[in-house]
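Q: Chains as they are written, first to last, in this note's numbering: chain U, 1 to 223; chain Y, 1 to 222. Yeah, the Cβ is synthetic: ideal placement off N, Cα and C, and Gly gets one too. Every value quoted in this text rests on a predicted model; they were computed, and no experiment measured them.
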Amino acid sequence: MFLQEMDWHPVILSVRVAIIATIIVTCLGVPLTRFMARKEFYGKDVLEAAITLPMVLPPSVVGYGLLMLIGKKGLLGRYLADMGVTLVFTWYAAVIAATVVAFPLMYQSAKAAFMSVDLDFEKAARTLGASEARIFFTVTLPLAWPGILAGLVLTFARALGEFGATLMVAGNIPGLTQTIPTAIYFAVESGKDVLARTLVVIITIFSFCVIFWVNRWAKKQKY
Amino acid sequence: MLDAGLTKKLWHFTLEVQLQVDNQILVLLGPSGCGKTTTLALLAGLFKPDEGFIKLSKQTLYSSEDNINKPPQSRDIGYLFQNYALFPHMTVRQNVFYGLKSKRYRQAGSALDPVELLDSFGVGHLIDRYPSMLSGGEKQRVALARALIVQPKLLLLDEPFSALDRNTKTGLRKELKKLHRQWQIPFVLVTHDEEDARFLGDIIVTIENGQVGNHSLNVVLA
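1) Residues of the region 49-73 of chain Y in Cβ contact with chain U at a cutoff of 9 angstroms, in chain order, please.
2) Between the Cα of U:THR138 and those of U:VAL117, U:LEU53, U:VAL153 and U:LEU67, spot the shortest distance and give me the residue it belongs to.
3) Which stretch, first to last residue, makes up the alpha helix (DSSP H) that contains Y:TYR79?
4) Exposed or buried, U:GLY246, counting other C-beta atoms within 10 Å across all chains shown (16 or more means buried)?
5) Against chain U, does Y:VAL150 count as a neighbour if the rule is that its beta carbon must be under 8 angstroms from one of theirs?
6) Measuring alpha carbon to alpha carbon, tell me which residue in Y:ARG75, Y:LYS174 and Y:LEU144 is nearest Y:ARG93.
7) Restricting to Cα atoms, I'd like to know which of U:ILE24, U:TRP8, U:PRO10 and U:ARG34 is closest to U:LEU141.
8) In chain Y, which residues lie less than 7 angstroms from U:PRO142 when you measure between Cβ atoms?
9) Could you work out which residues of chain A lie near U:PHE121, taking near to mean beta carbons separated by less than 7 angstroms?
10) Applying the 10 Å Cβ sphere with the 16-neighbour rule, what's the burial state of Y:LEU221?
11) Return no unless some Cβ of chain Y is closer than 8 angstroms to the Cβ of U:ARG126.
12) If we count the other Cβ atoms within 10 Å of its Cβ and call it buried at 16 or more, is U:GLY71 buried or exposed?
13) Among the candidates Y:THR60, Y:GLU51, Y:THR39 and Y:GLU65, whose CA atom is the shortest distance from the CA of Y:TYR79?
14) So, at 7 angstroms on beta carbons, what are the nonlocal neighbours of U:ALA159 in its own chain, with the 5 sequence-adjacent residues on each side left out?
15) Per DSSP, Y:PHE187 is paired with what?
16) For the region 50-73 of chain U, list every residue whose C-beta sits within 9 angstroms of some C-beta in chain Y, in sequence order.
17) Could you check where the alpha helix (DSSP H) with U:SER131 kicks off and where it finishes?
18) Kindly indicate if chain Y contains any beta-carbon less than 8 angstroms away from that of U:VAL139.
19) CB Y:PRO71 to CB Y:GLY33, shorter than 8 angstroms?
20) Could you check what DSSP says for Y:GLU208 in three-state terms: helix, strand or coil?
21) Can you find the residues in the same chain that come closer than 7 angstroms, C-beta to C-beta, to U:PHE186, ignoring five residues on each side of it along the sequence?
22) In terms of DSSP beta bridges, what is Y:ASP3 paired with?
23) Below 6 angstroms CB to CB, which residues in the same chain sit around Y:LYS169 once its five sequence neighbours on both sides are set aside?
24) By the 10 Å Cβ neighbour count, where 16 or more other Cβ atoms means buried, how is Y:GLN140 classified, buried or exposed?
25) Going by alpha carbons, who is nearest to Y:ALA22 out of Y:HIS192, Y:ALA197 and Y:HIS180?
26) Of all Cβ atoms in chain Y, is any one closer than 8 angstroms to the Cβ of U:ALA130?
27) For U:ILE211, collect the residues of the same chain with a Cβ closer than 8 angstroms to its Cβ; drop the 5 residues on either side in sequence, then sort them by chain order.
28) Compute the distance between the beta-carbons of Y:LYS8 and Y:LEU29, then report whether it is under 8 angstroms.
29) Go to Y:ASP196, then tell me how far its alpha helix (DSSP H) extends in each direction, as first and last residue.
30) Determine whether the beta carbon atoms of Y:THR191 and Y:ARG129 lie at a separation below 8 angstroms.
31) Alpha carbons only, please: which of U:ALA93, U:VAL46 and U:ALA49 is nearest the one belonging to U:TYR64?
32) Please confirm if the region 125-137 of chain U is in contact with the region 39-57 of chain U, defined as three or more CB-CB distances below 8 angstroms between the two stretches.
33) Let me make sure I understand the geometry here. Which of U:PRO146, U:LYS73 and U:LEU105 has the alpha-carbon closest to that of U:THR155?
34) Do U:PHE163 and U:PRO181 count as a contact pair if the criterion is CB distance below 8 angstroms?
35) When the Cα atoms are used, what is the spatial distance from Y:LEU100 to Y:ARG106?
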């Protein structure tokens, strides 16, 4: 059967990249968002615009920016190269691209979620003697959870579908950096219609199932 | 005994608070927007005064002179919020146990049984319900139990009857007065309703132009 002969590398790599990117986005994004939702400081608007920028910029611009940063002669890449670390054209670069592009989605969802939590709940917890860390984990985070979960789904979906920036920084090396979206593009280019169609079906069904399952699960979390 | 003298500059006026209460019910009476809730927030440590002092049972909670500003967590002040602020994702039991799990309280130890306290408030049977399944009066009783279980030295009540219908309110007013006699701690209660103020207040303070004080005893009814 065709599925058995198919090269599953792009599928496995795509899922791996998307999962890791989602974890990074969540671990960085949730604390940052919580901070940004409650604090006012000089330059906050500028920082927010910068965080959101990758969402509206063309992926090729993000890809170019990343090359300037982590490329072999890039601002950071130069020093990494001295240490013997190369990021471009490895699957790590795909993770970085997916993270940068998906980050704004988590930021927007989580920020709205945190801002929707009534401050009185946190104040009440404070008068009951709870430490700020305990308040965050027992009151703020659970109440903001539906919005954060929505951000999680969007992040994962965006990371899974990332194409433009990924192609520029990670390339399209079969078995190494080729993800589903790049594999589809090059399959179509080279006339491998069956392969393209199969990958399209796989990514569509997979994405659909994830979103469907998470939405179902979120519905049950209502109080 | 609560003794406080505070000033806080707000954007449209300066709030000046002068309060002295023994184990009585002090009612702050005034229209909305006059700084009543802000006064409670200043006392509880949820909002920082510009200067002044707060002393509760001989302990200094805040003093601009000595640079003391205890966080709300260690002030031993109970706070009943206007909307009760019961945690919506926790059951009544989890709400009431919340304060008992804080480090400060675990060290101090308790003589109070939360289940008994809820029973005495007539809401013991609701212990496994979520706040959204409770009526306004029930929510208030649960919120009171949650605030009192950690045995505060002062209880602040922000418009405790504003969300209740008339019948519930009349009943709860009486209960609150009884509760105060049992607990023997100062209550500071905020309301815009003169009738509530007259029924509950041992001392009534009216707020005008940001001046909050029974130091000079502006108006003392009752």
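A: Well, looking at it:
1) Against chain U - using a Cβ distance shorter than 9 angstroms - the residues of the region 49-73 of chain Y are PRO71, PRO72 and GLN73.
2) Taking only the C-alpha atoms, the option nearest U:THR138 is U:VAL117.
3) Counted as a single uninterrupted DSSP element, the stretch harbouring Y:TYR79 is not any alpha helix (DSSP H) but the beta strand (DSSP E) occupying residues 77-80.
4) The displayed coordinates of chain U run from 1 to 223. Any statement about residue 246 of chain U would go beyond what the structure contains.
5) Cβ-Cβ to chain U under 8 angstroms: yes for Y:VAL150.
6) For the residues Y:ARG75, Y:LYS174 and Y:LEU144, the minimum Cα distance to Y:ARG93 belongs to Y:LEU144.
7) Of U:ILE24, U:TRP8, U:PRO10 and U:ARG34, the smallest CA-CA separation from U:LEU141 is found for U:ARG34.
8) Counting only Cβ-Cβ distances below 7 angstroms, U:PRO142 has contacts in chain Y at HIS89, in chain order.
9) Included in the structure are the protein chains U and Y, with no chain A among them.
10) Residue confidence is low: Y:LEU221 scores 36 on pLDDT, short of 50, so the model does not pin down where it sits. No coordinate-derived value is stated.
11) Interface residue, yes.
12) Label assigned to U:GLY71: buried.
13) Among Y:THR60, Y:GLU51, Y:THR39 and Y:GLU65, the Cα nearest to that of Y:TYR79 is on Y:THR39.
14) Residues of the same chain with a CB within less than 7 angstroms of the CB of U:ALA159, apart from the 5 flanking positions on each side, are VAL17, ALA18, ALA21, THR22, ALA98 and ALA102 in chain order.
15) The partner list for Y:PHE187 (beta bridge, DSSP) reads Y:ILE25 and Y:LEU155.
16) Look at the region 50-73 of chain U: it has no residue with a C-beta under 9 angstroms from a C-beta of chain Y.
17) Counting along the chain, U:SER131 sits inside no alpha helix (DSSP H), nor does DSSP assign it H or E at all.
18) Output row for U:VAL139: interface = yes.
19) No, Cβ-Cβ distance for Y:PRO71 and Y:GLY33 is not below 8 angstroms.
20) If DSSP states are grouped into helix, strand and coil, Y:GLU208 belongs with the strands.
21) A distance below 7 angstroms between beta-carbons, with the five flanking residues on each side excluded, links U:PHE186 to the following residues of its chain, in chain order: ASN172.
22) According to DSSP, which records beta bridges pairwise, Y:ASP3 is partnered with Y:GLN20 and Y:LYS55.
23) Take Y:LYS169, set aside five residues on each side of it, and the residues of its chain with a beta-carbon closer than 6 angstroms to its own are PHE161, in chain order.
24) Taking every protein chain shown into account, the CB of Y:GLN140 has 16 or more other CB atoms within 10 angstroms, so this residue is buried.
25) It should be noted that the sequence gives Asp, not Ala, for residue 22 of chain Y. For the residues Y:HIS192, Y:ALA197 and Y:HIS180, the minimum Cα distance to Y:ASP22 belongs to Y:HIS180.
26) Chain Y, which has a Cβ nearer than 8 angstroms to the Cβ of U:ALA130, makes this yes.
27) Cβ neighbours of U:ILE211 within its own chain (closer than 8 angstroms, five residues either side excluded): VAL153 and ALA157.
28) No, the Cβ-Cβ distance between Y:LYS8 and Y:LEU29 is not below 8 angstroms.
29) 194-200 is the span of the alpha helix (DSSP H), which, as asked, contains Y:ASP196.
30) Going by C-beta atoms, Y:THR191 is not nearer than 8 angstroms to Y:ARG129.
31) When each option's Cα is compared against that of U:TYR64, the closest is U:ALA93.
32) Counting Cβ pairs under 8 angstroms, fewer than three are found: no touch.
33) That would be U:LEU105, whose Cα lies nearest to the Cα of U:THR155.
34) Result yes, Cβ atoms of U:PRO181 and U:PHE163 sit closer than 8 angstroms.
35) Going by the C-alpha atoms only, they are around 7 angstroms apart.
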